[in-house]
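J.: Be aware that the sequence shown starts at 406, since it is given in my numbering, and climbs by one per residue.
Built from N, CA and C at the ideal position, the CB exists for glycine as well.
Here it is, the structure, as structure tokens.
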Amino acid sequence: MKLKNGILTALLLGLCFAGCDKQSTLPERTEQQKVYLYVNTFAFNRINQYYLWNEEVAAALKDWKTADEPIAKVQSVRYRDDRWTLLTDDVDSFYDSTTGHRKSFGFEVGMDLSAAQLIVLYTYAGSPAEEAGLKRGDAITSLNGSPIPTQDYSAFIKLALRNSDRVTLGMKSGATIQLTARDMYENPVLLSKIFDCGGKKVGYLAYTSFTLDSYKDLISICKAFKQAGVSELILDLRYNGGGFVLAEQFFASMLAPEAEVKAKSVLSTEVYNSKLTAQYAKEGVDNRSYFTTEFKFSTTDGQKYDFSTADANVGISKLYAIISSGTASASEALLCDLYPYMDITLVGAQTHGKFCTGWLFRGPDFYKET
Numbered sequence: 406m407k408l409k410n411g412i413l414t415a416l417l418l419g420l421c422f423a424g425c426d427k428q429s430t431l432p433e434r435t436e437q438q439k440v441y442l443y444v445n446t447f448a449f450n451r452i453n454q455y456y457l458w459n460e461e462v463a464a465a466l467k468d469w470k471t472a473d474e475p476i477a478k479v480q481s482v483r484y485r486d487d488r489w490t491l492l493t494d495d496v497d498s499f500y501d502s503t504t505g506h507r508k509s510f511g512f513e514v515g516m517d518l519s520a521a522q523l524i525v526l527y528t529y530a531g532s533p534a535e536e537a538g539l540k541r542g543d544a545i546t547s548l549n550g551s552p553i554p555t556q557d558y559s560a561f562i563k564l565a566l567r568n569s570d571r572v573t574l575g576m577k578s579g580a581t582i583q584l585t586a587r588d589m590y591e592n593p594v595l596l597s598k599i600f601d602c603g604g605k606k607v608g609y610l611a612y613t614s615f616t617l618d619s620y621k622d623l624i625s626i627c628k629a630f631k632q633a634g635v636s637e638l639i640l641d642l643r644y645n646g647g648g649f650v651l652a653e654q655f656f657a658s659m660l661a662p663e664a665e666v667k668a669k670s671v672l673s674t675e676v677y678n679s680k681l682t683a684q685y686a687k688e689g690v691d692n693r694s695y696f697t698t699e700f701k702f703s704t705t706d707g708q709k710y711d712f713s714t715a716d717a718n719v720g721i722s723k724l725y726a727i728i729s730s731g732t733a734s735a736s737e738a739l740l741c742d743l744y745p746y747m748d749i750t751l752v753g754a755q756t757h758g759k760f761c762t763g764w765l766f767r768g769p770d771f772y773k774e775t
């Protein structure tokens, strides 16, 4: 969820003007103080109204100081069970990472501490990494000439692979690969296959993120599974850290028993803080979502979607989900939402444990370095 810029600006200006006094003798605020006041007010209002644990952090909210550095402030206020709420000064990049449209080298890696190397987990189709010949299982021993550290490696990897436009990979094979990032769509549908197992058709699908634009590929693949008579599906969610709730909902409509989808059975129930619960009850808002086949919506950045999954229900009788600690959020929600309606077997390690969704609130350039 993102606030319209005009609404947010008017709200914050109203707050500022309400405190003006022509006779005030208070010293003029510095630019940094103005930014901190602006951003802290924005963050306080969002947390106070929408945060699931706003009552648990009530004491911290009462002691909120608008002179504090806001990004660190939000992190310090979070409830102990919350590992995900954040304030960022680069909301565009953050949002792009959830849509799959961003500047990227087009591959993901895992850390092999025992050998001080990175292992390529996968590459995206049509990416610079794929075009350079990188493949799953390839080992990287250096980035830009520096060996892979075994301590504080996350920041090292982020700087080289997330915050740079060019990178030089030193491969264990002895080869050197140079990559230049480019704007691309990281298509989360990595691979789909159909296996004939003793006369039984089993589908396989590797899916890395619940992006809205993945609906076309998911519909096409599920139709192919249906036409081939796939009765069981192996869904590989090892590297899927979540995404949009709507994407989880339209994918669920293709996997759930068709009778439940047609009956519009309950898919999930949302729980809010007491303020929102009371407000939504007064407004008659239903906190449940239901299986459906018709999807028509638009995003706040102007993207419009209108499609049906009616002909894409696979009709599977069994779902095998491959999971790991990287399986989170919408991935976990998909499995939980389907569990009451179908036979699911989990294969792998314990998932991340992100049991709540998130809303994205956006202010117009509300945090700038001065």
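1. Which residues share a DSSP beta bridge with Pro-552?
2. Could you check which residue in Asn-450, Ile-545, Leu-681 and Gln-583 has the C-alpha nearest to that of Lys-577?
3. So, at 7 Å on beta carbons, what are the nonlocal neighbours of Met-747 in its own chain, with the 5 sequence-adjacent residues on each side left out?
4. Using the Cβ count rule (16 or more neighbours within 10 Å means buried), how would you classify Gln-522?
5. With 16 other CB atoms within 10 Å as the buried threshold, where does Cys-602 fall?
6. Please name the residue, chosen from Ile-562, Val-525, Lys-540 and Leu-574, that lies closest to Asn-549 on a Cα-to-Cα basis.
7. Using DSSP with H/G/I as helix, E/B as strand and the rest coil, what is Ile-624?
8. Going by the beta-carbon positions, is the gap between Tyr-527 and Leu-595 smaller than 8 Å?
9. Classify Lys-427 as buried or exposed, calling it buried when 16 or more other Cβ atoms lie within 10 Å of its own Cβ.
10. Taking a contact to mean a Cβ-Cβ separation below 8 Å, would you say Lys-701 touches Tyr-710 in this structure?
11. Which of the three DSSP states, helix, strand or coil, is assigned to Asp-426?
12. Along the chain, which unbroken stretches of the alpha helix (DSSP H) at least 4 residues long are found entirely within the stretch 698–770?
13. Measure from the alpha carbon of Ser-502 to the alpha carbon of each residue in Val-607, Lys-540, Asn-453 and Thr-613, then state which is nearest.
14. Out of Arg-767, Val-671 and Ala-657, which one is the CA nearest neighbour of Val-719?
15. So Glu-637 is in the beta strand (DSSP E); what residue range does that whole segment cover?
16. Measure the beta-carbon distance from Tyr-728 to Leu-642 and round it to whole angstroms, keeping in mind my assumption that it falls under 8 Å.
17. Consult DSSP for Asp-501 and reduce its assignment to one of helix, strand or coil.
18. Taking 7 Å as the limit between beta carbons, can you name the residues of its chain near Gly-419, skipping five residues before and five after?
19. Where does Lys-605 sit, in a helix, a strand or coil, going by DSSP?
20. Cβ of Asp-622 within 8 Å of Cβ of Gly-505?
21. Can you tell which of Gln-437, Ala-464, Phe-760 and Glu-436 has its C-alpha closest to the C-alpha of Phe-449?
22. Here's a check: name, in chain order, each residue in its chain whose Cβ is nearer than 7 Å to the Cβ of Gly-648, leaving out the five neighbours to either side.
23. Between Leu-442, Phe-655 and Gln-454, which has its C-alpha nearest Asp-716's C-alpha?
T.: Taking the geometry as given:
1. Ser-547
2. Ile-545
3. Ala-661, Pro-662 and Leu-724
4. buried
5. exposed
6. Leu-574
7. helix
8. yes
9. Note that Lys-427 has pLDDT 40, beneath the 50 cutoff, so the model's placement of it is unreliable and no number is given.
10. yes
11. At Asp-426, the pLDDT of 38 sits below 50, so the modelled position is not reliable; the number obtained from the coordinates is stated separately. Residue state, collapsed to three classes: coil.
12. 735–743
13. Thr-613
14. Ala-657
15. 637–641
16. Sequence check: residue 728 is Ile here, not Tyr. Ile-728 to Leu-642, Cβ: 6 Å. Contact.
17. helix
18. The predicted position of Gly-419 is uncertain, since its pLDDT is 28 and thus under 50; no value can be drawn from it.
19. strand
20. no
21. Ala-464
22. Thr-503, Ser-614, Phe-615, Thr-616 and Ala-735
23. Phe-655
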